[in-house]
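Asker: Just dropping this structure here.
Residue numbers (this note's numbering), protein chains in the order written: chain R, 3 to 720; chain G, 173 to 497.
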C-alpha cells in the first residue's frame, strides 16, 4: 500500500491518487465510459449487438442516420448525399407513379447517391509504397512479424469513398463464412442474394478454408453501381423498412482493398481481421482494441465534417441541447471505454468523476433517485450536490409474458383458452411489478408498440380495454373479480378444472436469475394465487428456454424485444403467423396465428405512417388484445446519470452514433475530480502507529524472554 | 531422478486424457453444438441454416464420440471429440469460437494474472509464516489466544467482504488508489496494491492457523529443546530450526500452487478489472466457448501435474533423507 501511495505521489503531480487514468491524459478532451460485456464482432456484416454498437456506430457511416434531436425519429442522410430516390415498378416493368398501391409493385429500386469527397480513416490497407503499389499486399514478412495491432504498421493511407464500397459490403451479406444475421431476411428482398450465396459457397469450398474470395468477381443481380458515386438496390415488391436498415453498419461501406488486406495469410492468427479492426469513414476510429481491459476511439482525421443539428423540440431547446447548433462535430477527441464487470467499482468510479455517465442499477437506485409523493422522479440531494443530472427515456423495448398458442391448456383459439389468458393478464399486476422490481422504471404495455414509435397512442384510445378501464382520465386495471369470472367461464371456477376438479397449474419458463429471482417468483406466485391458480416456475438458461420454444414445449415464458428500428412492423412481426417459432423457427415465439391479423400486418408493413396506417394498427391492436397471446408486460424506462460537465447527451436507444454530438467541459471535470478525490492520509499514519504499538510490547516481551534466567522461566511456567 | 521424472510424465498422459474426456463430457452434457452456435450468432434473427453453417465451419456437425456413418477407425476419429482433442496435446489450442487465437490471448493475459498472483503469493507466504511463528513464540499467552481468535474470525469472513470493504475504504473513502483497473509499467503498482493487500489479508486467517499447527508440532521436538539448551536464541530456533524442519508440510501445500498462479484469480480479477486468465475462463464459461474452456482446463491440469512434480523435487532439497528410488 505504501508503494502504491508513493507511486500515487510520483505519478500524480496534479492528479488525484486514485485517478485510474495515466497522468498524460489529464485535462484532455477525452470521454470516459465503461463497458460490461466484451464485444464479439466488429465486422459490420456480422455485428448485431448493443455491446458492439457502442463502438461500431462511431466508426462506420452507413448511407442514412437518425436525426439526433428530432422525435419521433427521423431519417436523414449519413454517407449518402441525399435521401434515397425510390423507383417502383409494376409487374410489366413499367415505372409506377408515387403513391402506387403496394400490391401493384413488383420491385422497388433504391437509388443512393454517395457524398463525394468522403475519405476513409488512415489505414495500412490503403498504404502505397514509393512505386504506388499497395505497401502491404502482399504482406512483407518483416512487417507482419512485428505487428500485433493495426497501429503497428508504419505506413497508412486513405482513399475516397465510392459507390462500389457499398456494393462490396452488400455482397458480403451473402458470404458463407461471415454468417450475417440479416442474410436470411435480406435474401427475401434483395434480388440475387441467394444465388450469390450459393456461388460463394461453391467457390469457398473449391478454394479452401482460408482462401480469399474476391467479391468483385461475383455478380449480385439486385445491386448495381451506376457511377462513381451512385448505386442502386433492387428490392422485390416493396420494403419501406429498408431505409431503417440503411442506418446500420450492415449497409456501411467496406472497400475491397480492406477485405484483401485482412485476408492475407498470417493475419487472422494475430487477430488482424476486419472483425477486430474495423475501417470506416465515420467520425472516430478504433486505435486501441483490448476488449479485456479497454477500447479507445480517436477522432478520424479524415472525417468529412458535419455540424451540430439545430432543429429540436421545445424540451430540448429549454434543456440547452441546441446551444452548439451549427458547430462542427465531433467535439470529443478520444473516447476511452474501460471494462467494468462488476457494478460496485463502476458506480463508485462514476461518483468519483472517473466516468462521465452511468446507467442506474437497482442497487444504487435509492442512493441516486428519490420519488415524489405523486410518483415523480428526482435526484437525491447527494447527487444534486455533485451536479449530477438524471436523464430518463422510454426504451424502444417490450418485455412480455408470452403464451405458447400450441399449448393444450393456455393456447389455441378456443373461447375457454382465450378467457384463461385474459384472466391471467388481469391478475398479474404489471403496475405493481414495475413499482416493486423496477423502482418505477417502466410503463405498462397495452400492446407490443412502445411509446415513441408510430402506432403507440396515449390516453384512452391507447389502452387495452380487455385488461383496463378508463376511469378519471387514467387506465385502471380491472378487478380480480373480473379475472375470477373469466376463469370460471374458461372452465376453471375457483382455479379447478370444472370436469376433473384438479387444480390448474400454470408453468412459467424463465431465464432470470440472480438475487431478485426468488422474490420475483414469490411475487408471481402471489399474483396467480389471487385467482386461485398455482404457478410452477421452471428456471433454465437461455439455450434451454430457446430449445423449449423451438419445440413448443413451453407454456408461458418471459421474453423481451429491443427494436431494430422505430417502425411498428418491427414489433408486430413478433406475432405474425408465418414467423411462428415451431413451424418456421421465426421470431413469433408464441406461435400466434390469426388470419385477419396477418392480413392487416402485411398491409400495414408496406404503408407509410399516416391515418390509414394508424387505423390498421388500431384494428391489429384490438385483435391482439382480444386474443391475448401475450400478457403485454411493460416498456422499460432508461435512467441515465451524467455529470454536469457532459453536454448534449440525448437519450434514445435507436440513435446509436451519439458520440460525435457530445461535448465535455474538461476544465470543470478536472476541478471536480481533484476536489472530490483528495487523498486522506491520516489513516495511514494511524495504522503505522497502531502497528508500532502492537509490535513494541512483543519486542519487549521477547527481550525479557531472552534475558530471563532458567530459574525465572521455570517459575513463570511452573 | 531422471527416470523418476520420465515415469511421472508418462503417468501424466492418461491423467490429461481423462481430464480432457471428462471436460468434454461435462461440457456437452449441458451444452449442445446448437447452443454454442446460438451464443456466437446472437439472439436475434438466428436461423437454423445459419446454425448449421456455423457448426459445419467449426467441425461441430460431426457426432460427439462415435460416428456410426464412418467406417473402421473413422468411427472414433471422425468425431468432435477426436478432432478437438488431438491438437491440444501438442499445445495447439486453435481459435476460440469467436475466431480469436487462444494461444495469443493466453500469452497476453498471463502477465496481468501473474502481476496479481505472484506478489500476493510471496507476500502472503511471508506474512502468514511470520505471523504463525510469532504466535508460536507467544504460545499459551493471551496474545496467542487472541491471535487465533482473530484468525478464526478472518477465515470466517467471505473474501468478497474484504474486496468490497477494501475498495470502499481505501479507494472510495480515503482516495488512496484507483478502485479498479489495470495499467502496465510504472503505473502498475497503483492498480496492484489494493488487490494484493486484500488478497494477502484474505488469506491470513486460514494459512496462519495451518502453519501455526505445523510449527507447534515441531517446537515440541527434542532438537528444539537441545537447541535451546545450547543457548540458541528463540528467533534462531524458530526461523532456522523449526521453520526448516516444518518445510515438508509447507512445501506440500505451497509448491503445488506456484504453477497455478498463471491461471489467475477469478474473483479478484473480476472485481478489480484485471484482464487476466481468471476472467478469461469465466468469460468463456459464460459464452459457452468450448474451445477456450477446454484449453484452460487442459493448461490447469498440466500446471497442476507440474506443481506436484515440483513438490516432490522440492522434498529432496529440504530433506536429504528423501530420495527418488
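Ideal Cβ placement from N, Cα and C applies to all residues, glycine included. As the structure is a prediction and not an experimental result, all values here were calculated from the model.
Residue 218(G) touches chain R at which residues, Cβ-Cβ below 8 Å?
Answerer: In chain order: 183.
Asker: List the endpoints of the continuous alpha helix (DSSP H) containing residue 323(R).
Answerer: Run containing residue 323(R): none; DSSP gives neither H nor E here.
Asker: When the distance is taken between beta carbons, is residue 326(R) closer than 8 Å to residue 310(R)?
Answerer: Yes, they are a contact pair.
Asker: Residue 234(G) versus chain R: which residues are under 8 Å apart at the beta carbon?
Answerer: Those do not exist, as residue 234(G) stays about 16 Å from chain R at its closest Cβ, beyond 8 Å.
Asker: Along the chain, where does the alpha helix (DSSP H) containing residue 178(G) start, and where does it finish?
Answerer: That run of the alpha helix (DSSP H) goes 174–202.
Asker: Tell me the residue span of the beta strand (DSSP E) that contains residue 291(R).
Answerer: Where residue 291(R) is concerned, the enclosing beta strand (DSSP E) stretches over 286–292.
Asker: Does the distance from the C-beta atom of residue 468(R) to that of residue 628(R) stay below 8 Å?
Answerer: Yes; because the gap between Cβ atoms is below 8 Å, this pair is in contact.
Asker: I'd like to know whether the C-beta atoms of residue 474(G) and residue 274(G) end up nearer to each other than 8 Å.
Answerer: In this structure, residue 274(G) does not lie closer than 8 Å to residue 474(G) by Cβ.
Asker: From what residue to what residue does the alpha helix (DSSP H) around residue 707(R) run?
Answerer: 684–709 is the extent of the alpha helix (DSSP H) around residue 707(R).
Asker: Threshold first: 3 residues or longer. Then list the beta strand (DSSP E) segments lying entirely within the stretch 382–417 of chain R, N to C.
Answerer: Complete beta strand (DSSP E) runs here, min 3: 390–396, 399–405.
Asker: Just how far apart, CA to CA, sit residue 190(G) and residue 255(G)?
Answerer: Near 16 Å, if we compare the C-alpha coordinates of residue 255(G) and residue 190(G).
Asker: Consult DSSP for residue 436(G) and reduce its assignment to one of helix, strand or coil.
Answerer: Three-state DSSP puts residue 436(G) in coil, outside helix and strand.
Asker: For residue 636(R), which three-state DSSP category applies?
Answerer: Residue state, collapsed to three classes: strand.
Asker: So, does the stretch 646–657 of chain R touch the stretch 386–396 of chain R, judging by three or more C-beta pairs under 8 Å?
Answerer: With the cut-off at 8 Å, the stretch 646–657 of chain R and the stretch 386–396 of chain R touch.
Asker: Closer than 7 Å by beta-carbon distance: list the chain G residues that pair up with residue 685(R), in chain order.
Answerer: Going along chain G in sequence order, the residues near residue 685(R) (Cβ under 7 Å) are 346.
Asker: So what's residue 430(G) in DSSP terms, helix, strand or just coil?
Answerer: Of the three classes helix, strand and coil, the one that applies to residue 430(G) here is coil, per DSSP.
Asker: Could you name the residues of the same chain whose beta carbon sits closer than 8 Å to that of residue 119(R), not counting the 5 residues immediately before and after it, in chain order?
Answerer: Taken in chain order, the residues that qualify are 162, 306.
Asker: Can you find a CB in chain R that lies within less than 8 Å of the CB of residue 471(G)?
Answerer: With 8 Å as the cut-off, residue 471(G) does not count as an interface residue toward chain R.
Asker: Measuring straight from C-alpha to C-alpha, what distance separates residue 179(G) and residue 249(G)?
Answerer: Computed Cα separation, rounded: 28 Å.
Asker: Does DSSP put residue 479(G) in a helix, in a strand, or in coil?
Answerer: In the structure shown, residue 479(G) sits in a helix (DSSP, three-state: H, G or I).
Asker: Please identify the residue among 287(R), 84(R), 91(R), 197(R) whose C-alpha is closest to the C-alpha of residue 153(R).
Answerer: Considering only alpha carbons, the answer is 287(R).
Asker: Any chance the CB of residue 493(G) is under 7 Å from a heavy atom of the ligand MG?
Answerer: In terms of ligand content, the structure shown is empty, and the ligand MG therefore cannot be addressed.
Asker: Quick one: what does DSSP say residue 251(R) is sitting in, helix, strand or coil?
Answerer: Residue 251(R): helix per DSSP, three-state reduction.
Asker: Starting from the beta carbon of residue 467(G), find every residue of chain R whose beta carbon is closer than 7 Å, and list them in chain order.
Answerer: Going along chain R, no residue has its Cβ under 7 Å from residue 467(G), so there is no contact; the nearest lies around 15 Å.
Asker: How big is the Cα-Cα spacing for residue 169(R) and residue 228(R)?
Answerer: Cα to Cα, residue 169(R) sits roughly 11 Å from residue 228(R).
Asker: Listed in chain order, which residues of the stretch 478–490 of chain R have Cβ atoms closer than 7 Å to some Cβ of chain G?
Answerer: Hits within the stretch: zero.
Asker: Taking the CB atoms as reference points, tell me whether residue 674(R) and residue 355(R) lie closer together than 8 Å.
Answerer: Yes, these two residues count as a Cβ contact at 8 Å.
Asker: Between residue 592(R) and chain G, is any beta-carbon pair separated by less than 8 Å?
Answerer: Cβ-Cβ to chain G under 8 Å: no for residue 592(R).
Asker: Quick check on residue 412(R): buried or exposed, where buried means 16 or more other Cβ atoms within 10 Å of its Cβ?
Answerer: Counting Cβ neighbours within 10 Å, residue 412(R) comes out buried, since at least 16 surround it.
Asker: State yes or no: is the C-beta of residue 492(R) within less than 8 Å of the C-beta of residue 422(R)?
Answerer: Yes, Cβ-Cβ distance for residue 492(R) and residue 422(R) is below 8 Å.
Asker: Kindly provide the ranges of any alpha helix (DSSP H) runs that are 4 or more residues long and lie completely inside the stretch 490–575 of chain R, ordered along the chain.
Answerer: Counting whole runs of 4 or more residues, the stretch 490–575 of chain R contains the alpha helix (DSSP H) stretches 519–531, 544–553, 571–574.
Asker: Just checking my contact of residue 148(R) with residue 239(R) at CB under 8 Å: how many whole Å lie between their CB atoms?
Answerer: Actually they are not in contact, since the Cβ atoms of residue 148(R) and residue 239(R) sit about 53 Å apart, beyond 8 Å.
Asker: Verify the CB distance criterion: does residue 270(G) have a CB-CB separation below 8 Å to chain R?
Answerer: Yes, residue 270(G) lies at the interface with chain R (some Cβ there is under 8 Å from its Cβ).
Asker: Check whether the Cβ of residue 336(G) lies closer than 8 Å to any Cβ atom in chain R.
Answerer: Yes, residue 336(G) counts as interfacial toward chain R.
Asker: In the DSSP output, what is residue 162(R) paired with across the bridge?
Answerer: Its beta-bridge partners are 121(R).
Asker: Would you mind reading off the limits of the alpha helix (DSSP H) that contains residue 750(R)?
Answerer: The structure shown does not extend to residue 750(R), since chain R is modelled only from 3 through 720, so no value can be given for it.
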